[in-house]
Amino acid sequence: KGKRAFIAGVADDNGYGWAIAKSLAAAGAEILVGTWVPALNIFESSLRRGKFDESRILPDGSLMEITKVYPLDAVFDNPEDVPEDIKANKRYAGSSKWTVQEVAESVKEDFGSIDILLHSLANGPEVTKPLLETSRKGYLAAISASSYSYVSLLKHFLPILNPGGSSISLTYIASERIIPGYGGGMSSAKAALESDTKVLAFEAGRKRKIRVNTISAGPLRSRAAKAIGFIDMMIDYSLANAPLQKELSAEEVGNAAAFLASPLASAITGTVLYVDNGLNAMGVGV
Ligand code: NAI
48 KGKRAFIAGV ADDNGYGWAI AKSLAAAGAE ILVGTWVPAL NIFESSLRRG
98 KFDESRILPD GSLMEITKVY PLDAVFDNPE DVPEDIKANK RYAGSSKWTV
148 QEVAESVKED FGSIDILLHS LANGPEVTKP LLETSRKGYL AAISASSYSY
198 VSLLKHFLPI LNPGGSSISL TYIASERIIP GYGGGMSSAK AALESDTKVL
248 AFEAGRKRKI RVNTISAGPL RSRAAKAIGF IDMMIDYSLA NAPLQKELSA
298 EEVGNAAAFL ASPLASAITG TVLYVDNGLN AMGVGV
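All you need for my numbering is the position in the sequence shown, starting with 1, plus 47.
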């Protein structure tokens, strides 16, 4: 029987989340997505109006179907966490049940269980500031949206993740090497995410036989990456210095995720898988 995947962090057809959805759909999985509440209307109307149809085409010529789009804000675990100003915000008031716990409950109600959980989201309000100029508030916001959001998602989806299932997040090498420009505590957030991948692999493995891995992806011109402001430079740097001198396509990351989610990876858990044309292995620029 086909597997069911929930992919958190899809709001257009440019990012890794979309590409992962396509690779999983091409491999026969049913696709559910979680879309950030403020981006929900435009994403759903674009989908409906056929704006993404070209990018929905799968290798066999059919169009990827997204069975359901759930509004999600992964910085809130349950309704009690939501502050008044967010509740009153009209972009949020127009949707309901978008905290992590409520989304997991809705998916359970609608489908019973899932096999694959994907975390493809990050946010750091001060990402353009060096760490030395980052405020406590900005740093904690980066950790909340980019690291704890994953702990929370896995925690709430674990009871409905079928044993043998797979959970995957996306990370970046700025966690372990100096990448000037990836600021605001985002490098710290990715370090936390990678460390948590190991601990969560142990806990979710023992508890429900779930594998937990993260993909350290090379640079992609996504909406989030454009907001950081140095993405073209990072793509050029990779082209000049990586062992494989080609632009990285989102599809290559999607295919790696499909591998990690498949039985082909049944003994792989707690790892950081580099999908970056090998750039991580270089010790010097050339
Ligand atoms: P993207 O813009 O396609 O994806 C980020 C998504 O996170 C967006 O859809 C945004 O709406 C969503 N989001 C932000 N805050 C949220 C919240 N509180 N609740 C729910 N959703 C929220 O950009 P991209 O680059 O594809 O990012 C996906 C993942 O890939 C991120 O973890 C990112 O750090 C990682 N990554 C990206 C690289 C790149 O060069 N683009 C390189 C390495 C890792």
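Don't be surprised by glycine CBs; every beta carbon is placed ideally from N, CA and C.
Point to revise | Inter-stretch contact (C-beta, 8 Å, three-pair minimum) for the region 302 to 314 and the region 281 to 290 | key: no
Exercise for review: Spatial neighbours of GLY49 within its chain, please: CB distance less than 8 Å, with the 5 preceding and 5 following residues excluded, ordered by chain position.
Suggested key: GLY75, ALA76 and GLU77
Review point. So SER194 packs on ASP243, CB below 8 Å; how close in whole Å?
Key: 7 Å
Review point. Starting from GLY212 and walking both ways along the beta strand (DSSP E), at which residues does that stretch end?
Key: 208 to 218
Check your understanding: Enumerated in chain order, which unbroken segments of the alpha helix (DSSP H) with a length of 4 residues or greater are wholly contained in the region 115 to 153?
Key -> 131 to 135 and 137 to 140
Review point. Buried or exposed: which applies to PHE123, given that a residue is buried once 16 or more other Cβ atoms fall within 10 Å of its Cβ?
Key: buried
Review point. Quick one: what's TRP83 bridged to in DSSP?
Key: LEU119
Practice item. Assuming ALA169 and ALA271 form a contact by the criterion Cβ under 8 Å, report the distance between their Cβ atoms to the nearest whole angstrom. Key: 6 Å
Check your understanding: Does the beta-carbon of VAL269 have 16 or more other beta-carbons within 10 angstroms, so that it is buried, or is it exposed?
Key -> Inspection of the sequence shows that residue 269 is occupied by Ser rather than by Val. Its Cβ being crowded by 16 or more others within 10 Å, SER269 is buried.
Exercise for review: Name the one or two DSSP bridge partners that TYR35 has.
Suggested key: Any answer about residue 35 is impossible in this case: the structure gives the chain only from 48 up to 333.
Check your understanding: Any heavy atom of the ligand NAI closer than 7 Å to the Cβ of GLY23?
Key -> The structure shown has nothing for residue 23, since the chain only spans 48 to 333.
Review point. Do you know how far the Cα of VAL333 is from the Cα of GLY64?
Key: 32 Å
Check your understanding: Is ASP243 near the ligand NAI, in the sense that its beta carbon is under 7 Å from a heavy atom of that ligand?
Key -> no
**Study point:** 8 Å Cβ cutoff, TYR195 in contact with chain C
**Key:** No chain C appears in this structure, which consists of one protein chain only.
Check your understanding: Nearest to VAL80 by CA position, among ASP100, THR114 and ILE104, is which residue?
Key -> THR114
Review point. Where are the alpha helix (DSSP H) runs, 4 residues long or more, that stay fully inside the region 215 to 250, in chain order?
Key: none
Review point. Heavy atom of the ligand NAI less than 7 Å from the Cβ of TYR219, yes or no?
Key: yes
Exercise for review: Name, in chain order, the residues that DSSP records as bridge partners for ALA52.
Suggested key: ILE78 and ILE163
Practice item. Have a look at VAL116, PRO210 and TYR117 and flag the residue whose alpha-carbon is nearest the alpha-carbon of SER160. Key: PRO210
Review point. By how many angstroms is the C-alpha of LEU286 removed from the C-alpha of ASN260?
Key: 26 Å
Review point. Are the beta-carbon atoms belonging to THR181 and GLY232 less than 8 Å from one another?
Key: yes
Point to revise | Minimum length 3: unbroken beta strand (DSSP E) runs contained in the region 256 to 316 | key: 258 to 264
Check your understanding: Which same chain residues, not among the five before or five after ASP323, have their C-beta less than 6 Å away from its C-beta?
Key -> GLY265
Exercise for review: Report all residues from its chain with a CB closer than 6 Å to the CB of ALA73; omit the five preceding and five following residues, and keep chain order.
Suggested key: LEU105 and PRO106
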